[in-house]
Structure formats: C-alpha cells, structure tokens
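To start, the structure under review is shown below, and the notes come after it.
2 protein chains.
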Amino acid sequence: MEYQPIGIIHSPFQEPAGMPIQPAAAGDTEGKVEIFPEFSAGLKDLEGFSHLILIYHFHRSQGYRLQVVPFLDTEPRGVFATRAPKRPNPIGISVVRLQGVDGRTLAVSSVDILDGTPLLDIKPYVPDFAPGGEVRIGWLEKNRRTIRQRQADDRFK
Amino acid sequence: MEYQPIGIIHSPFQEPAGMPIQPAAAGDTEGKVEIFPEFSAGLKDLEGFSHLILIYHFHRSQGYRLQVVPFLDTEPRGVFATRAPKRPNPIGISVVRLQGVDGRTLAVSSVDILDGTPLLDIKPYVPDFAPGGEVRIGWLEKNRRTIRQRQADDRFK
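Heads up: the protein sequence lines correspond to chains A and L, in order. If you read the first sequence in my numbering, its first letter stands for residue 19, the second for the next number, and so on. If you read the second sequence in my numbering, its first letter stands for residue 19, the second for the next number, and so on.
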C-alpha cells in the first residue's frame, strides 16, 4: 500500500527524548496541524468535535523489533501490545483535543507527536463507537496510576 | 510511505451493503485475525487486553471524495469528520473485543470490517491514553441514540 501525507504536524518536540509518551501525559502541550491545500475541503464539520484521532507516519523510526521494552515497563513485550514506534508498519495514532480550526490549520492540544510528522488521516473521536464491556489493559494494568506522568527517553531512536 | 500487510482480517461480511458501520453496532459478530508467521512474535502479551485497535487498509475503496453523505446523516460532511472509507489515504481503524489468541490467530468480536481486509497494525486499546475533558461529537450528536443500530448500504462501493 502506498500513502501520501495529507499534511504536517507541528509540535514543540524536536527530539524523542523527553516527550510525553501518550496524549494523556501531554496535558496542555499545544501543536498545529497543517493540512495541504488540496485536502482542505475535507475539514468541513470538524470544528464540532472536541477530540480528533490523528493517524501519522513515525518518520524518525527506522526498522522494527517484534519485542520491545516499553517506557512503562522493564520487561520485553510484543510490539503489538505496545505503542512503540519501531513497528513493522510505523503508523502512529493519537487522540488530541481540537482547540480551533483556522482555514486549513488546526490548533490542537495534548500533543505527543514529534515536530514535522507527516499526517496520513484524521478521524472523529467518538467513544460510543468502541464496543462496550469491561476493559482490561494487560501488562499496563500495574502502571495505571503513573500513565499520565511518564516521558520518553531515547530508546527508540 | 509504503506499508506491507502484517496479516488478514476474516469476517462474515463479503460485501459492504448490510455491514455494521462501526464496532459498537457489530455486537457479537465474530471474526478472525490471521497474522503472517514472520510477525507472530509481536503478538506476545496481547492476551491480557480485552480490546484491541486494528488498523487496516480499505482494500475495496477506490478513489476518494472530500465531502460525503455519511450513513448517519443526510447532509454532506467533510470526509475527515466521518469514518467513510473513500479517504485520501484509505486507512480504517476499529476497536474490537479480543476473545482469544491461538498461535498467530486472534479470535475477535464486534467486527465491522470486510472479509479479506489487509491488516496494517495492531495496538492495545487503553482508554486512559486519550486526553480528558468533555467530549463533543459534532454532527453525530443528534444520532447518538441510533449509533448502535445503523447498517451500511452500498453508497461507498
């Protein structure tokens, strides 16, 4: 499959080390999402949503590992049970808060994404679309209390 | 960007018409996710999660439109404010329930995905990773009560 970027994500994070490892840890970190002119008509109706799902390419990730020691653990875990960027297809997804739409620029917050990241897609965040039932989060369960505080180091450089 | 499938999603849905339009409407619909042998080591630790995020390629979608009339509405909406498959990059994401792991085959339910869909990535579903705050769902708000009942027709064929 071949995909083309539809835009670029701008954030304060120039390097992986020190970044928040997921949107909930990114707090009020602000960023901009710039959509290329040829796709801007697709942004209609976005401003009614408080949260968006950004789908992007981990452009600084090279190669992949099938087992990784994630930031939230000390043991190797299967890469598909983590959000580590060194994946067979280096696709990232983040739920961010939408602060405003100005032409083809989106102001967003809770950004856990490197500056200059190529954007592949935007989808509305609709919690009601997920199936119900009790949610279990495997090896992450023991980290539940610290999820919102942790930052990245350079292990996935 | 060039991506390769890491596996194939099997479901009861051979054609778009009549499919549930999102996982919450798919109820107990069961499917299998078959991971190719070279990636199976990445499945370690997955069985502790109740829900997974599947990222896949809309292989039956041809071309794209920047504004579409979605299944849940009668007015054209910006494609990025919908989950319609005819997108600039035809990437789909669904949260499904994980029922079990048998070697490199995952038994899943709440599947709203066509049979034979190429799988690009799997991520753990961790609601705590999304930023907090009140969630507003724009044009979908008025459909909130019927989201779980609606089915697809052939408009995105």
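The beta-carbon is built from N, C-alpha and C at its ideal position, and this holds for glycine as well. Note that the coordinates shown come from a computational prediction; the quantities given were computed from them, not determined experimentally.
Taking L:Tyr21 as reference, the option from A:Asp146, A:Lys141 and A:Arg105 with the minimal CA-CA separation is A:Arg105.
By the C-beta criterion, the segment 21-35 of chain L is judged to be in contact with the segment 120-134 of chain L, since at least 3 inter-stretch pairs fall below 8 Å. A:Asp139 is classed as buried because its beta carbon has at least 16 other beta carbons within 10 Å across all chains shown. Note on L:Thr92: under 16 other CB atoms within 10 angstroms of its CB, so exposed under the neighbour-count rule. Here L:Leu137 is not near L:Ile39, since their CB atoms are 7 Å or more apart. Residues Phe31 and Ala170 of the same chain have their beta carbon placed closer than 6 Å to that of L:Met37, with the five preceding and five following residues left out of the count. When DSSP states are grouped into helix, strand and coil, L:Val144 belongs to the coil group.
Think of a sphere of 9 Å around the beta carbon of A:Phe98: the chain L residues whose beta carbon falls inside it are Ile24, Ile53, Phe57, Gly60, Leu61, Lys62, Asp63, Leu64, Leu70, Asp139, Ile140, Lys141 and Pro142, in chain order.
The beta carbon of A:Gly81 is closer than 7 Å to those of Lys104 in its chain, skipping five residues each way along the sequence. Against chain A, the CB of L:Ala125 has no partner CB under 7 Å away; the residue lies outside that interface. Excluding sequence positions up to five before and after A:Ser68, its CB lies within less than 7 Å of the CB of Arg115 and Leu116, all in the same chain and listed in chain order.
The three-state secondary structure of A:Val87, taken from DSSP, is coil. Closest option to A:Ile111, judged by alpha-carbon separation, among A:Ile71, A:Glu48 and A:Glu159: A:Ile71. Residue nearest to L:Val97 within the set A:Asn107, A:Phe98, A:Leu61 and A:Asp120 is A:Leu61 (criterion: CA-CA distance). In the structure shown, the three-state DSSP call for A:Arg154 is coil. As a beta-bridge residue in DSSP terms, L:Leu124 pairs with L:Val51 and L:Val119. For L:Gly25, the enclosing beta strand (DSSP E) has its first and last residue at Gly25 to His28. When 7 Å is used as the limit between beta carbons, A:Arg162 is near these residues of chain L: Asp146, in chain order. Inter-residue distance for A:Ser29 and L:Ala42 is about 33 Å (C-alpha atoms, whole angstroms). In the DSSP assignment, L:Ile71 falls within the unbroken beta strand (DSSP E) covering His69 to His75. Cβ neighbours of A:Ser79 within its own chain (closer than 8 Å, five residues either side excluded): Pro103, Lys104, Arg105, Pro108 and Phe174. Residues of chain L whose Cβ lies closer than 8 Å to the Cβ of A:Val87 do not exist, since the nearest Cβ in that chain is about 12 Å away.
Listed along chain A is no residue with a C-beta nearer than 9 Å to that of L:Ala170; the closest approach is about 14 Å.
In this structure the segment 152-166 of chain L does not lie against the segment 117-124 of chain A, because fewer than three pairs of beta carbons, one per stretch, are closer than 8 Å.
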